[in-house]
Structure formats: structure tokens, C-alpha cells
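Residue numbers (our numbering): 228 to 895.
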Amino acid sequence: MLIEYDWKYVAFLYSDDTYGKTAEAEFSMQADANDICIGYTRSIVAGATDYGDVMKDLLSLKKKSLVSVVIIFTQFEQAAGIFEAAGEADVAGDFIWIGSDGWGNYGLQPVGDNHESVLGAFTIVPQAGTHPLFNQYFEEIQRNSTNPWLPEYYARCNCEFVDERPEPPYESIVIDSVEVFARGLDNMITHECGQDVNKTQCLNFLLKNRRLLRDYLLEVTFTSESNGQVSFTTDGDSKGRYVIRNLGLMGDGTEFRFENVGTWSESEDESIQSLDIGHIDWYVTNTTDPSTYTDRAIPKSVCSDPCKPLEVMRVDLLSSCCWSCEVCADDEIIVDDRCVSCFHRENQTYNWPNEELTQCQPLDFVQLIDKVENALLLVIAILGIIVELVIAFLYVKNREKRLIKASSRELGYIILLIWGIVWIIIDPPAVNVIEPTSTRQYIELMCEVSTEHRVGQLCWDVFIVLQCCYFAIKTRNLPANYNQTRFIAFSVFSTLIVYIAFAPAFFTSQESTQQDLYSALGNIIQPSVVLVLIFAVRIYAIYRVKEEDQKIITTRPSMKRSEESDSGGRGSSNQPHSPVRTISTHVLSNGSSKSFNDLCTQTIEAEFDSDRIYKYTNGSSKAILSSSASIELEVEEDGYEVHENERNGENGAKDENHNNSAPLSAYV
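Pasting the structure below:
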């Protein structure tokens, strides 16, 4: 039955006697030969009281596996105790009980009142036909029969006359057994004693050699009127013929009864010759209401469910019937119930499994440039590189121009070229192979950016941005530096906006394609703004703005005039004196320890009154521009300052009509 229904995982209970132990040993051997595992086995002694523990063990096994079949190879007493414990534990619908003839010959007697918990049980009992002549003789016996053994039979069996036979007739088996001994003894006497020997004396002598009798019994073969062919194997077992009986509900669903559902006789294929599956009701369900037992599907009794397609089994080392099912990684195929990767990293071969996971197939190469947005980014990046190279070339070409000198050309070269070259040397470009294994059918090849590179870039950018922020805020109120500060501030703020917008998206993206997209957008937008606001404006001014327009910075310092008349007798003048001073802007290189005389090559114009213009060309660092005023030019690190000196009259006296408290400064 286990082979017929493919029940691979069972529990085995047996009586602690010769009957049970012999059965357990034989069953274990046959189970191993047919790949059937015994998940739980226990011997039960006569008079045992621990049937409750047996049920606990069975229920525990049920929770850990899909076991349904419990084989009970015991005597009547042990079977009755097991079923009583099953009724107390209310295991109706949990197990399929299969019993031997040790208790199966007794019908419903071992079941007792626990029908619902035992419902659906099978018993396998010897097949016993009826002997027509014996039945006829037995049924014709009357109380006044002259049979001398009949009174003794009545007394021992406590018999009474009834109208029907309550149990199957096994007397035909006894009749066949008696005939086997009769035929065996007859053959032994015939062959061993001869014709002239006293048969009784010869038989008594021969019976001392029991092995000889056994050999003659094994050779007996005949056709029984009740049970057909009778013969024995070399081991002394008769060729079995069994009836399979099933406990079910009959009639209106209130009568429990064992019914014959199949037969089995020993043959070469060891299969069940007849089994009426259509009339077997399977009661292994989750309900205990017998009226709802309608499922005719054959239940399973296994340790683990079969693995689904595209899964592999990991067999338990302790039991070949138990396993776990695992799904191979997306890059693996199934070979001999093992997961084998399609990636061969040593030779850089990257394939992908087919849908059946039976073979590896090459991956189609897809270029990201095929997408419009990626191609557009690539075009913009190429244009940006070209523009950067052009600006770098123009910076070198115009390196002696005032605007280029004033822009700290060395720092500009560092920003444009040296910083990139350093990283190319320290961390040269490389290809990083990303091998996804989670529902993504592609391999990613992307530029490998080391952690040091990324952290170094961010730290450097943050350092520069903070410096620029600081100086932009400090110089925001200096009119002479407003234009320069404005460009720096715009660059700084745009950098911060790009970081805030793209950095979170970059670090939270799961796919490298998205990371590259955000990184590319940020690396295009931010450098483009810096390139335009810091570098391109100077190139534009060199080629598109007139030189005289490049050097005009206008300030309007407040000047006080004294309303008192001077000591020379001149009358007081009430006319306001509001001089406008325009000083030419000179661009000086950093760290100037040179004298102004060496650096100044342009004409300085100073207008103190509306009707007088003084010119100074290639003068010394301090010169008297008129009889009433002087200009002092002081060389500094980033430019020069022009201070108003005290105004003196021709005789050197102080001109009190002019106030010298407001200095004029110009920075680049």
C-alpha cells in the first residue's frame, strides 16, 4: 500500500514481542529497499499505560512534517490502547491507520468508541475463503448431535446458535494448515519408511529429526478448495494472499464498518491486484465532523513537499526523505540538482540562464547611449570638455592680460587642469563590473570610482565652497568688489543647490544607471556654472569689452568742506565742493613686492575739480599732482590702494577747504 500510494514517510508502532519485533525488522529492511523513511518508531509492551505519550510524539512529528500514515503492527491489546489515546487527543482527520492481522482480524473490537479518530483506517488480513462442505456440516449440527466433541466445544467457546456469521470465516485457513501437515507426513513416511516397516514406529523415529519434517512440509503444494493454490517459499513462508479492508461510514452515515476494498497476492511484480479506489473515502481532513468527509483525493504522507519547478533539493543528512527546497540565484542554472552559475569571472564570461534554467545563454549587449537622454548627456559632456579646453587655451594665450593676472591664473590652472591630472594619476579610470543577482537580467559595466576618490572630491569641494562663502559674505558691501563677489557667490550657491538636489538621489538610488544619470547631471551643471561665471566672463571681457571700459570703477566718497575762509584773506565760500574722483584700475599680480614705479604702465587720471584734470604717467610711488593735492599709491597683494594725502597750498600750508579724512580704495 505504501508503494501503491507513494507514501514515503511513515510512523511505525509495534508490540514488544516476537510478532512485533520480527515485523519491525522486516519492515525496516523492505522500507530501505523501496526508499521509504520511518520518521518515528516505538515498541509497546503488554500492559503499557503511556499511550498518551505515543500520541504526543505522533502529533509532534505531524507538526514538523507531512506525515499521515501510522502503521500499527501490534496485538489486540496495544491497538485498543492506541485508539483510546487517539480518541482522547481528538486526532480525527490527522492520521491514516494501517493495521496488521494481529488486531485487524478482530474487526471493530479494538476501535471501541473511537470511530471518528480511527475513521479511514486500513487493515491487511489474510485472505480466507469459505469451505462449502465444512459450512454445510457445521450449519447442520444440532444440539442432539452424536458428535462426541460437540459438548466440549460448546463448553469451551460458550457458544450459542445464531442466524448469521458476525466475523469473516478463517476456519478455511486452519483446514488448509491441517492438510499441509497431513500431506507432509504422508510424503515423509512414504519416502523414508518403505513398505514393510511399521508406519507408527517409523514415524515416531522420523519425528525426532524436525528438520527433516520441515523440509517435507516446504515441498507440499496443492490446490485448496477454499483458498486456491497452497505452497511455500524456501524460508518457510506461504505465498501470501491478503484482503485490504477499510473502515468507513455506511448507510446514512451513522454506521461504521470495515469493507473489503482490495486484495493482494504474492507475485513477481508485488503489486496490488485489485483495489477499488473509487469506493475509498479519505478522511484525512481538518474537520472532525464525519458528515463533511467527502474528499476522495489520495492524501500524501511525506516528510517534505516535492520541490517546485526551477527549485533544487537540499537533502537532510539525517533522512533522505526530508529536504528543503531552494531557488537558484538569477544567474544560475540547475545541473544534477545543483545550482551552477553562468558567470565565469576568471575568463570574464557573463551569460544568463534560459527560462527553463537548463543552459546558459549570452547576454545581449545594450549600450546606454542608445537612449536619447543618455546620448544627450554624452553630447553635453563632450561639448563641456571642448569649451573647457578652449578656455584653458585662451587663458594660456592671454596670461599677460590684466584680467587674467588678476584672476589668480595659477589657481585657475590648478582648478582647470592639475586637479584632474592628479586624480588621473592617483586613481586611474577603470571599469567596475556589477553583477546583479536580484531579478535583473543584465550585467552593468560602469566607471569604478573609489571611496577615496569620492570622499576626496567631496571634501575638496566643500572646503572651496566654504571658503568662497566666507569671502563672498565678507566683501559683499565693497562696491569696488561687488561684480567679482557676485560671480563667486552665484558659483557657490549653484554648487550648493546641485549638491542638495543630486547627492541624496545619487546615494539612495539602487541601480547604477540611475546613479550615473544623477552624477552626470550634477557634474555637468555645476562645472558649467563655474566655467561660465568664473572663467568665461574674463575671456569675454578680453575680446568683447573695450580696454578703457575694463578699468573704470567709480566711488563717491563723502567730502566735507570748511565754510571758514582761509587765513590768506579770501572770503568764505558757501558754494559746495563735491569732487568726483575717478582713478584708473590697474591689475597687479599676486604677492607684489615690486614698486609701483615698475608696475604702473598706464596713465592715471585724477579729477579733483570739475575744471582741472591732472595726469600722471610712469611716475614714482608718491607724487604731487598739483599745488593743492597729492595722491599716494600703495602696492598690495591683490591690487593697490589710492589714498588722498593732505592738500597743501603753494606755501605748504594746509588747505582747510578740503577734507582729507576719506580715503579712496580700489581692489581687484
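Beta carbons are placed, not taken as given, at the ideal position from N, Cα and C, and that holds for glycine. Source: prediction; values computed, not measured.
| Check | Outcome |
| --- | --- |
| Quick one: Cα of Q586 to Cα of V567, how far? | 10 Å |
| Excluding five sequence neighbours on each side, which residues of the same chain lie with their C-beta closer than 6 Å to the C-beta of Q369? | none |
| Suppose you measure from the CA of M228 to the CA of A238; what does that come to, to the nearest Å? | 14 Å |
| Taking a contact to mean a Cβ-Cβ separation below 8 Å, would you say C534 touches C264 in this structure? | no |
| In terms of residues, what are the limits of the alpha helix (DSSP H) holding F459? | Looking at the DSSP string, F459 is not in any alpha helix (DSSP H), and its letter there is neither H nor E. |
| Quick one: Cα of F717 to Cα of I609, how far? | 24 Å |
| Can you check which of these residues, T301, V542, D558 and S451, is closest to C552 by C-alpha distance? | V542 |
| Can you tell which of V649, W650, S677 and I648 has its C-alpha closest to the C-alpha of V658? | S677 |
| So, are the CB atoms of I618 and N625 less than 8 Å apart? | no |
| Any chance you could list the alpha helix (DSSP H) runs of at least 4 consecutive residues sitting entirely within the stretch 723-774, in chain order? | 739-757 and 764-771 |
| Put H358 into one of helix, strand or coil per three-state DSSP. | coil |
| Near F459, which residues of its chain fall below 6 Å by C-beta distance, leaving aside the five closest residues on each side in sequence? | L445 and S465 |
| Please report the straight-line C-alpha distance between T735 and S287, rounded to a whole angstrom. | 47 Å |
| Which residues share a DSSP beta bridge with I299? | L240 and G326 |
| Out of W324, A316 and G749, point me to the one whose CA is closest to K283's CA. | A316 |
| Within 10 Å of its beta-carbon, does G266 have 16 or more other beta-carbons around it, so buried, or fewer, so exposed? | buried |
| What three-state label does DSSP hand G480 in the structure shown? | coil |
| Spatial neighbours of I896 within its chain, please: CB distance less than 8 Å, with the 5 preceding and 5 following residues excluded, ordered by chain position. | The displayed coordinates of the chain run from 228 to 895. Any statement about residue 896 would go beyond what the structure contains. |
| Counting along the chain, where does the alpha helix (DSSP H) carrying T427 start and finish? | K426 to L433 |
| Roughly how many angstroms separate the alpha carbons of N261 and A252, rounded to a whole number? | 15 Å |
| I need the straight-line Cα distance from Q354 to G329, nearest angstrom please. | 14 Å |
| Return yes when the Cβ of I507 is within less than 8 Å of the Cβ of Y232, no when it is not. | no |
| Give me whichever residues DSSP pairs with Q588 in a beta bridge. | W579 |
| Where does Q302 land, buried or exposed, given buried means 16+ other C-beta within 10 angstroms? | buried |
| Where do the N-terminal and C-terminal ends of the beta strand (DSSP E) with M540 fall, by residue? | E538 to V542 |
| Could you tell me the boundaries of the alpha helix (DSSP H) in which V599 lies? | V599 to K624 |
| CA-CA distance, S721 and V756? | 7 Å |
| Given a threshold of 16 other Cβ atoms within 10 Å of its Cβ, counted over all protein chains shown, does V434 qualify as buried or as exposed? | It should be pointed out that residue 434 corresponds to Leu in this sequence rather than to Val. L434 is exposed by the Cβ-count criterion. |
| Helix, strand or coil for G266, going by three-state DSSP, please let me know. | strand |
| According to DSSP, is N487 part of a helix, a strand, or is it coil? | strand |
| Measure from the alpha carbon of Y246 to the alpha carbon of each residue in W234, I271 and Y236, then state which is nearest. | I271 |
| Which residues in the same chain as F483 place their Cβ atom closer than 8 Å to its Cβ, once the five residues preceding and following it in sequence are excluded? | L335, V338, H342, L346, L474, G475, L476 and M477 |
| Excluding five sequence neighbours on each side, which residues of the same chain lie with their C-beta closer than 7 Å to the C-beta of E486? | R472, N473 and G475 |
| Quick one, which of L685, T481, S746 and A728 has its alpha-carbon nearest L604's? | S746 |
| I'd like the list of long-range same chain contacts for F300, defined as Cβ closer than 6 Å, with 5 residues on each side in sequence excluded. | Y241, G247, A250 and S327 |
| Just mark W234 as buried or exposed, buried being the case when its beta carbon has 16 or more other beta carbons within 10 Å. | buried |
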